[in-house]
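Following: one structure in structure tokens, then a few remarks.
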Ligand code: GDP
Ligand code: MG
């Protein structure tokens with residue numbers, strides 16, 4: 598039996614496209630400008646592999662990256678989306694802190710990496726690319742997670758992030774007999 602509601606969390610540095618990816622998935626709109634301080638929960642019902650799911654997506658913002666509140670979100674989430682921009686090496690490097698924090702909080706519940714997708718967004722900006730596709734793939738291999746390059750602008754691989762995460766959550770639930 599799938600969980601009734603899947604809670605997903607989107608992390609990454611400011612400006613990488615967390616809100617645009619979330620908005621594209623939930624409402625099918627691209628926002629050229631979106632308030633960087635807005636942190637909100639979005640809900641969407643979707644059918645994946647013939648099954649209905651109710652997704653709750655936390656689009657994080659926040660000046661303080663980590664707090665007791667943030668730790669609680671992580672604890673209560675079933676899956677994670679870690680986003681960088683392929684145009685910025687710094688945003689790629691920033692993800693390690695997010696990852697380690699998630700692992701520290703989740704590893705009492707499950708072995709290994711929790712359901713997680715590493716996302717290199719803004720793939721439409723090939724001319725400005727600063728992080729090679731292979732670099733992303735290598736990190737995903739190290740973290741034992743899925744890797745996708747996406748464009749929220751061109752609606753490329755956006756659904757795939759969320760579909761893949763739901764499938765990962767299902768596999769984890771089966772492994773743990775819940
Ligand atoms: P957040 O701070 O991570 O939530 O980033 P936003 O979603 O607010 O996006 C920051 C900026 O990047 C905005 O100006 C977006 O229009 C732009 N942006 C987001 N995704 C893409 C993308 O896939 N391609 C391009 N070219 N720009 C994007
Ligand atoms: Mg945002």
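Residue numbers (my numbering): 598 to 775.
No residue lacks a Cβ here, since even glycine has one placed at the ideal position from N, Cα and C.
Quantities reported herein were computed from a predicted structural model and do not represent experimental measurements.
As an exercise, report each continuous alpha helix (DSSP H) stretch of at least 4 residues that is fully enclosed by the region 657 to 731, in chain order.
665 to 673, 686 to 703
Span separating the alpha-carbon of residue 756 from that of residue 745:
11 Å
Closest residue to residue 601 among 642, 620, 607, 636 (Cα-Cα distance):
Of 642, 620, 607, 636, the residue nearest in Cα terms is 642.
Straight-line CA distance for residue 589 to residue 711?
The chain is shown from 598 up to 775; residue 589 falls before or after that span and cannot be answered.
Nearest-angstrom Cα separation, counted from residue 652 out to residue 681:
22 Å
Note the first and the last residue of the continuous alpha helix (DSSP H) segment covering residue 743.
No alpha helix (DSSP H) contains residue 743, which is instead part of the beta strand (DSSP E) from 743 to 746.
Taking the alpha-carbon of residue 685 as reference, which of 771, 657, 716 has the nearest alpha-carbon?
716
For the beta strand (DSSP E) containing residue 605, name the first residue and the last one.
Start and end: 602 to 608.
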